[in-house]
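K.L.:
Taken in sequence, the protein lines are chains R and W. Following numbering that gives the first Met the number 0, the numbering of the first sequence begins with 0 at its first residue and continues without gaps. Following numbering that gives the first Met the number 0, the numbering of the second sequence begins with 0 at its first residue and continues without gaps. Note that beta-carbon positions come from the ideal geometry of N, C-alpha and C, so glycine has one too. The model shown is predicted, which means the values in this text are computed figures rather than measured ones.
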Amino acid sequence: MQSVAAILHADLDAFYASVEQLLDPALRGRPIAVGGGVVLAASYEAKAFGVRSAMPGWQARKLCPELIFVPGHFSEYQRLGDAAIDVLRDYTPEVERISIDEAFADVAGSTRLFGEPAAIARLVRARVRDELGLAISIGVARTKHLAKIASQVAKPDGLVVVDPDTELGFLHGLPVELMWGVGPVTKARLADTGVTTIGQLAQRSPEAVERLLGRASGRKLLDLAWNRDAREIQTHRRAHSVGAQSALGRRPAAEHVYRPALQHLAERIAGRLRAKDRPCRTVTVRVRFADLRSVTRAVTLRAPISATATLTEIAVDLVSGLLRDHPEEKSISLVAISASDLGGATLQLELPFRLRDDGSRPGTRKGMARERADRAVDAIRARFGWEAVAYASSQNAGGARAVPDAFRSLAEKEL
Amino acid sequence: MKLRIERAALLKSLQHMQSVVERRNTIPILSNVLLDASGAKLALTATDLDLWMVEHVAATVEQPGGTTVPAQTLYDIVRKLPDGAEVELVTETDGRLLVRAGRSRFHLPSLDREDFPLMPDGDLPHRFNLAAADLRRLIEKTRFAISTEETRYYLTGIYLHAAKTETGTTLRAVATDGHRLARIETALPKGAAQIPGVIVPRKVVTEMYRLIEGADDDVALSLSDSKIRAEFNGAVLTSKLIDGTFPDYQRVIPSGNDKMLEVDAKAFAAAIDRVSTVSTEKSRAVKIALEKGKATLSASSAENASATEELAVGYDAASIEIGFNARYLIEILGEIDGESAEFAFADAVSPTIVRDTTDQGALYVLMPMRV
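(1) Using the Cβ count rule (16 or more neighbours within 10 Å means buried), how would you classify W:K286?
(2) Less than 6 Å between C-beta atoms, sequence neighbours within five positions excluded: which residues of the same chain meet that for W:G94?
(3) Which residues of chain R have a Cβ atom closer than 8 Å to the Cβ of W:L362, listed in chain order?
(4) Helix, strand or coil, according to DSSP, for R:G398 in the structure here?
(5) Are the Cβ atoms of R:V69 and R:V33 separated by less than 7 Å?
(6) Which residues in the same chain as R:T307 place their Cβ atom closer than 6 Å to its Cβ, once the five residues preceding and following it in sequence are excluded?
(7) Which residues bound the alpha helix (DSSP H) around R:D85?
(8) So within the stretch 121-157 of chain W, which uninterrupted beta strand (DSSP E) runs reach at least 3 residues, ignoring any that extend past its ends?
(9) Counting contacts by CB-CB distance shorter than 7 Å, is W:E280 in contact with chain R?
(10) Determine the direct distance from the alpha carbon of R:A260 to that of W:T185, and round the result to whole angstroms.
(11) Along chain W, which residues have their Cβ under 7 Å away from the Cβ of R:L354?
(12) For the stretch 213-230 of chain W and the stretch 141-158 of chain W, state whether three or more C-beta atom pairs, one from each stretch, are separated by less than 8 Å.
(13) What residues of chain W sit near R:L348, judged by a beta carbon separation below 7 Å?
(14) Does the Cβ of W:E140 have 16 or more other Cβ atoms within 10 Å, making it buried, or fewer, making it exposed?
(15) In this structure, what does DSSP give as the bridge partners for W:Y248?
(16) Tell me, please, which residues DSSP counts as bridged to W:Y400.
(17) Distance cutoff 7 Å, beta carbons only. Does W:G20 sit that close to anything in chain R?
(18) Which chain W residues are close to R:P351, counting only those with a beta carbon under 9 Å from its beta carbon?
(19) Indicate whether W:V20 and W:S30 have their beta-carbon atoms separated by less than 7 Å.
(20) In this structure, does DSSP put R:T311 in helix, strand or coil?
(21) Counting only beta-carbon atoms, is W:A172 nearer than 7 Å to chain R?
(22) Less than 8 Å between C-beta atoms, sequence neighbours within five positions excluded: which residues of the same chain meet that for R:C63?
(23) Report the three-state DSSP secondary structure of R:A387 (helix, strand or coil).
(24) With DSSP collapsed to three states, give me the class of R:E19.
(25) Would you list, in chain order, the members of the stretch 322-346 of chain W that have their beta-carbon closer than 8 Å to a beta-carbon of chain R?
(26) Counting Cβ pairs closer than 8 Å, one from the stretch 377-386 of chain R and one from the stretch 315-324 of chain R, do we hit at least three?
(27) Just tell me which of R:R188, R:D105, R:G362 and R:T195 has its CA closest to the CA of R:H171.
(28) Kindly list the residues whose CB is nearer than 7 Å to the CB of R:G397, restricted to its own chain and excluding five residues on each side of it in sequence; keep chain order.
(29) Under a CB-based cut-off of 7 Å, is W:H178 close to chain A?
(30) Can you give me the C-alpha to C-alpha distance between R:M367 and W:M118, rounded to a whole angstrom?
(31) Mind listing, in chain order, the continuous beta strand (DSSP E) runs of no fewer than 3 residues lying wholly within the stretch 318-355 of chain W?
(32) For W:T150, go through chain R and note every residue whose CB falls closer than 8 Å to its CB, in chain order.
(33) If you run the structure through DSSP and keep just helix, strand and coil, what is R:V194?
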């Protein structure tokens, strides 16, 4: 761990909405939301009314009747997001981008050239403002976790530098939900035991926290509460998994609901596995019920797969098995697939027995035919666009989709 | 029940019993071994409800009777007793079993023998004798290929059947996991001509093998469509068979492979093992490039390690490059008893045949890897 605060976490403020207001001056100063069926992003003006991302459109309109919905300019998000991160790269090569609009940067090696970390952060903020017209908030601290918290505290349009001597005082006064890994469920669980600030969490015994949150996540969270975070900036990441999720609103827990959703997710994920030549051996599905509770189930396969139809079959099997085990849950609000244990391009071929389950095995003739068909689809899409060709079975999912595919691509893009 | 028995004989039988007993049982009595003393013998029985093992061991019975006690605990006790000890087993008035040897005394809880599940009756119409050595060979050379995939339950055993060949009928054992296949045959024993084709579960194969380990007497095998029984030296193993259809395996054994390679089996396996060291993937792929008189083995890893080794081999056909899972190759080569192995290739994506040049009754088929 470093002894000086030289890690920056830079995060563009209300990014999508800010880009829309940048592109259309008439939207400036007004509450706007990107999306339609679902709020993908809201401007600060809209957030003041309580509008939040992932909120259903009708609910957002109820909270804020003047809310303006805009469809979104996804290629502009990509261009401006890239440009903002490039500004950071002007000051250090040690940049780890974690999404379209945020990145970590380690400037410990750049101080002789550009000045103190705080000065570099001020330069970055000024340049992003002048060159791109966007507000970017930056947190500066000794660890990644604390830098990210500091940038959240800095918003909107601010800079917070946490001095190593005062970091625990800073950290312990803040609410727990600012921490990485504390979502609504964990927050509620902690609140039940009287923990609402990071300081209160830090005072709990490791045993108590582990009992409450499980061994691994309990220990991790407690370490973060004491600002023990040894993670370094990773400039080149080899992906360990590929995943995507689909929010459904509140729908019945029935196959006609989740199959098309899973098929759509599988199409995206399998396409990315094929693009990297990294088929997966483990498939994990997650289902979120009507409350915020979610359940996962995983299977590890004998041979790594990357065919869309095979991934769909496996995901549907896992989800139906999972729902069978939770018969009391009548509705679901989200399904997700994650592909991990990524392998290489070698493939054990199967003896040509021609058995009934051949199709789902990548090393059989049928299995290889599936993959060839998928690669042909990939080639057509690369040339004529995603919509040019698709599985007939995934077509009925189209109408119900609240989030545009362009947005998904952006969110899932390898950075 | 009251008896005295020699430790070594009891230990050997208990070894078989504790192996049959499953480690985790929802029905408590299935963790127990049934002891039944009468005449000059102690009968031991263990079951997992699919497989029954009954064994008779000579004992000095002072008072006939029986009980059931935890198989694993009794085995562990007898195992730790000194060599040459005499063990005394006595049922006590409180229902427990007293185990006594020298100055050691143990009391084991028991469960009522009346509750011990009985083996279902059934006729086993086909009966034949097979030399223990022949049965051992059928098992040894096929069991590595048995599938572990529960979804393909019909591949999780050895397919035993009488097969007609050009030279007559033979007794065949076949096992496959979908990637490789082993087919071993032996002369058809008298009385086996009409046997049904049966799939013998992996566990039965293992227990049967343990029973005949190191022995060379005959094993009496009895069969029906749904059951198998092996009788050997006072032990009787009876089991259900796998209820399924073994796929038509002849279909995956190619007949036109004409690229022949002859290698020293041990040297070839050692070279493959060396080269595959650098391969970090689970599959451990190794590539074989063949040209006249020479084989080049190579392997590499995603982390940029690589290895090659050249070998002088008997090869006279067109050049070919083909990939395999190194472990599969090494396992098959390990079953070659003679000095040399003969490979027959077609191309890089089709089944390859491996034979022992000194054993025409053994044949292996291996599917390549796409590398």
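P.N.:
Let me spell this out:
(1) Classification for W:K286: buried.
(2) The answer, listed in chain order, is S109.
(3) Here the premise fails: no neighbours, minimum Cβ distance about 13 Å.
(4) Bear in mind that a pLDDT of 43 at R:G398, under 50, signals an unreliable position, so the model cannot answer this.
(5) The criterion of a C-beta distance shorter than 7 Å is satisfied by R:V69 and R:V33.
(6) Cβ contact annotation for R:T307 (same chain, cutoff 6 Å, sequence separation greater than five): A265, E266, A269 and D373, in chain order.
(7) For R:D85, the enclosing alpha helix (DSSP H) covers residues F73 to R88.
(8) Within the stretch 121-157 of chain W, the complete beta strand (DSSP E) runs of at least 3 residues are 125-130.
(9) Output row for W:E280: interface = yes.
(10) Each residue's Cα considered, the two are about 55 Å apart.
(11) Within chain W, the residues near R:L354 are P246.
(12) No, the stretch 213-230 of chain W does not touch the stretch 141-158 of chain W.
(13) Result: V348, M366, P367, M368 and R369.
(14) Note on residue identity: the sequence assigns Lys, not Glu, to residue 140 of chain W. Counting Cβ neighbours within 10 Å, W:K140 comes out buried, since at least 16 surround it.
(15) BP columns for W:Y248 are empty, so no partner.
(16) Chain W is shown from 0 up to 370; residue 400 of chain W falls before or after that span and cannot be answered.
(17) Per the sequence shown, the amino acid found at residue 20 of chain W is Val instead of Gly. For W:V20, the answer is no, since every Cβ of chain R falls outside 7 Å of its Cβ.
(18) Chain W residues near R:P351: R250, V251, S349, P350 and M366.
(19) Cβ distance < 7 Å, so W:V20 and W:S30 count as in contact.
(20) R:T311: helix per DSSP, three-state reduction.
(21) So no, W:A172 is outside the interface.
(22) Only P30, A45, F48, G49 and V50 meet the Cβ criterion.
(23) Taken through DSSP and simplified to helix, strand or coil, R:A387 comes out as helix.
(24) Look at R:E19 here: in three-state DSSP terms it is helix.
(25) Residues G322 and N324.
(26) These segments do not touch.
(27) Comparing Cα positions, the closest option is R:T195.
(28) Its pLDDT being 45, under 50, R:G397 is placed unreliably by the model, and the measurement read from it follows with that caveat. Cβ neighbours of R:G397 beyond the five flanking positions: none.
(29) The displayed structure is made up of protein chains R and W, and chain A is not among them.
(30) Distance between the alpha carbons of R:M367 and W:M118: 47 Å.
(31) Within the stretch 318-355 of chain W, the complete beta strand (DSSP E) runs of at least 3 residues fall at 319-324, 339-344 and 351-355.
(32) Among the residues of chain R, those whose CB is under 8 Å from the CB of W:T150 are D356, following chain order.
(33) In the structure shown, R:V194 sits in coil (DSSP, three-state: anything other than H, G, I, E or B).
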